[in-house]
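The opening position of the sequence shown corresponds to residue 4 in our numbering, with each subsequent residue numbered one higher. Note sheet for the following structure.
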Amino acid sequence: MREVMTKSMARNVFYFGSLFFLVIFLLLTYQSRRYIINESTNAETLTASVEAGKRVWERKGCIDCHTILGEGAYFAPELGNVMTRWGVADDPEGAFDTLKAWMESQPS
C-alpha cells in the first residue's frame, strides 16, 4: 500500500464512508420505528381517554415541569401516582371530584 493517500483515494474513502454510515443510520431508524410501533406499544390497552390525555400532555407542555413514570423534568410532582397519593385510586367518581376541585383552586 502507498504511504501517501492521493486526493482521489481520500475522496473515495470519504464517499464510501459517508454512504456506509448513511445506510446504517437509515436501517437503524427503520428498525427503531418498527420496534416502537409493533412491539413496545401495547395497542390493546390504548383507549380514547389515554389518547386524549397524551394529546393534552403534549399540547400543554406538562413534561416541562412534571414527570410521568420517571420521564420528564423534576420541578413539579410525579403524575403517575397522584391518585394513589390522594387516596382515590379505587374510586373513579371521587378521583374526578378531587381532581376537579384541585384544578378549580389553581390561580391560573
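Where is the CB? At the ideal position from N, CA and C, for every residue including glycine. Since this is a predicted model, take the numbers as computed values, not measurements.
- Secondary structure note for N15: its alpha helix (DSSP H) is the uninterrupted segment K10 to Y38.
- L72 and G64 do not touch by the CB rule: their CB atoms are close to 18 Å apart, not below 8 Å.
- For W89, the closest alpha carbon among the candidates L102, Y77, E61 and W60 is that of L102.
- In terms of Cβ geometry, M106 and A98 do not form a close pair [threshold 8 Å].
- Annotation: V7 to A13 spans about 10 Å, alpha carbon to alpha carbon.
- In the DSSP assignment, D93 falls outside any alpha helix (DSSP H), carrying neither H nor E.
- When rounded, the separation of the alpha-carbon atoms in G20 and E47 is 43 Å.
- Inclusion of I66 and A79 in the CB contact set at 8 Å is not warranted, their separation being larger than that value.
- The alpha-carbon of V53 is positioned some 25 Å away from that of S108.
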